[in-house]
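Residue numbers (my numbering): 11 to 239.
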């Protein structure tokens with residue numbers, strides 16, 4: 011069970027490192043946002059692996075929930091906005107995202123947890139650990155971020171697919187892979203939220219690993235579309 015979250019953590023961290031390296035050579039804000047988002051994904055996946063391996067503590071769950079269920083997708087969406095939207099719009103969204111993220115961190119870190127909900131060998135159910143008001147915060151963040159990431163990737167893919175250059179068509183495929191990976195993770199997270207059987211924890215863990223790996227494949231494909239020098 012813990013192997014798949016650990017695999018997702020390693021892939022996410024490597025993905026984040028590649029984006030950070032690319033940002034240092036080409037300082038574009040979308041690269042920085044994506045690097046931070048995937049770093050958050052790595053932290054959340056690592057917390058899930060630790061919780062599944064040695065047991066869940068309140069701190070482990072807060073880290074997992076904050077970085078995995080609340081913050082990472084909105085920051086990933088911010089990268090999409092910097093890629094597609096006017097800079098002024100993206101800068102405004104960055105300010106809103108920062109303020110909202112600080113507020114979310116205060117709420118999650120200060121929320122009352124049900125210790126009984128943490129007594130599991132799998133992934134704790136949010137409904138058994140957190141109040142409904144706190145979980146609504148996660149839904150709002152996730153839905154808005156998901157729509158921006160997937161909608162932006164699909165729009166860009168359709169736009170680029172109309173171009174005749176093979177390089178741009180490969181870039182369209184890369185964006186579709188990123189959208190597909192985000193969708194897989196969203197579905198896996200929803201399964202974890204409503205799961206009632208232990209086997210569904212395995213579905214979540216595998217979905218987490220597969221989704222991050224697909225996004226990673228999309229990133230590798232964007233690198234292969236660079237014009238030859």
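Don't be surprised by glycine CBs; every beta carbon is placed ideally from N, CA and C. The model shown is predicted, which means the values in this text are computed figures rather than measured ones.
Distance from the CA of residue 78 to the CA of residue 217, rounded to the nearest whole angstrom, comes to 14 Å.
Around the beta carbon of residue 109, a 10 Å sphere encloses fewer than 16 other beta carbons of the protein chains shown; the residue is thus reported as exposed. Between the region 115-135 and the region 63-80 there are three or more C-beta pairs closer than 8 Å, enough to call the two in contact.
Between the region 121-133 and the region 82-98, the count of Cβ pairs shorter than 8 Å is below three; the stretches do not touch. Distances from the CA of residue 17 to each of 52, 42 and 36 were compared; the closest alpha carbon is that of 52.
If you ignore the 5 residues before and after residue 21, its C-beta comes within less than 7 Å of the C-beta of 222, 223 and 226, all in its own chain and listed in chain order. According to the DSSP assignment, residue 64 belongs to the alpha helix (DSSP H) that extends over 39-64. By the beta-carbon neighbour count (other beta carbons within 10 angstroms, threshold 16), residue 72 is buried. Assignment of residue 182 by DSSP, reduced to helix, strand and coil, places it in the helix class. Put simply, the backbone Cα of residue 136 is about 23 Å away from that of residue 107. The beta carbons of residue 96 and residue 59 sit no closer together than 8 Å. Counted as a single uninterrupted DSSP element, the alpha helix (DSSP H) harbouring residue 84 occupies residues 82-94.
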